[in-house]
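**Q** One structure, pasted below without further comment.
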Amino acid sequence: MTGLRFGAALLVFFNHVGLPFPHLRLLESDSAAMNLFDVTGNAGALGVTFFFVLSGFVLTWSARDRDTAPRFWRRRLVNVCRTVGSLGAWRW
Numbered sequence: 002m003t004g005l006r007f008g009a010a011l012l013v014f015f016n017h018v019g020l021p022f023p024h025l026r027l028l029e030s031d032s033a034a035m036n037l038f039d040v041t042g043n044a045g046a047l048g049v050t051f052f053f054v055l056s057g058f059v060l061t062w063s064a065r066d067r068d069t070a071p072r073f074w075r076r077r078l079v080n081v082c083r084t085v086g087s088l089g090a091w092r093w
């Protein structure tokens, strides 16, 4: 499932690379940037939608039978804090 999430994130990245904003884009040529935007125009929306659908599936699939709402949210918070903490430590 991580590979599918990577693919969705890559679609969003390609969409951002092709945005027609001169100060944000990675390509210097106007024609190359517009050609890339034509190709990747809908990729970002598709990637975000697929990412949210996949995340909803994973959350539903990982739910436990006797799980209460507070226990679920505590588990989610621990998971998010662990990820953010490891990224912060890696960046530092």
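If you use our numbering, the sequence shown corresponds to residues 2 to 93, in order. We put the CB at the ideal spot given by N, CA and C, even for glycine. Since the structure is predicted, the reported quantities are computational estimates derived from the model, not experimental observations.
In whole angstroms, what separates the C-alpha of tryptophan 91 from that of arginine 83?
**A** As a position in the sequence shown, residue 91 is number 90, starting the count at 1. As a position in the sequence shown, residue 83 is number 82, starting the count at 1. In a straight line, the C-alpha of tryptophan 91 is about 12 Å away from that of arginine 83.
**Q** State yes or no: is the C-beta of phenylalanine 7 within less than 8 Å of the C-beta of threonine 41?
**A** Here the question's residue 7 lines up with position 6 in the sequence shown. Here the question's residue 41 lines up with position 40 in the sequence shown. Contact: no.
**Q** Measure from the alpha carbon of phenylalanine 38 to the alpha carbon of each residue in Gly89, Val18 and Trp93, then state which is nearest.
**A** In the sequence shown, counting from the first residue as 1, residue 38 sits at position 37. Considering only alpha carbons, the answer is Val18.
**Q** Does DSSP put leucine 47 in a helix, in a strand, or in coil?
**A** By 1-based counting over the sequence shown, the position of residue 47 is 46. If DSSP states are grouped into helix, strand and coil, leucine 47 belongs with the helices.
**Q** For aspartate 39, which three-state DSSP category applies?
**A** Stepping through the sequence shown from its first residue, residue 39 is reached at position 38. In the structure shown, aspartate 39 sits in a helix (DSSP, three-state: H, G or I).
**Q** Answer yes or no: do leucine 12 and alanine 44 have a C-beta to C-beta separation smaller than 8 Å?
**A** Here residue 12 corresponds to residue number 11 of the sequence shown, with the count starting at 1. Here residue 44 corresponds to residue number 43 of the sequence shown, with the count starting at 1. Going by C-beta atoms, leucine 12 is nearer than 8 Å to alanine 44.
**Q** Output the boundary residues of the alpha helix (DSSP H) element that contains serine 30.
**A** Counted from its first residue, the sequence shown places residue 30 at position 29. Counting along the chain, serine 30 falls outside any alpha helix (DSSP H), and DSSP gives it neither H nor E.
**Q** Pull up the distance between the alpha-carbon of serine 56 and that of arginine 75, whole angstroms please.
**A** Along the sequence shown, one-based indexing puts residue 56 at 55. Along the sequence shown, one-based indexing puts residue 75 at 74. Rounded to whole angstroms, serine 56 to arginine 75 spans 17 Å at the Cα level.
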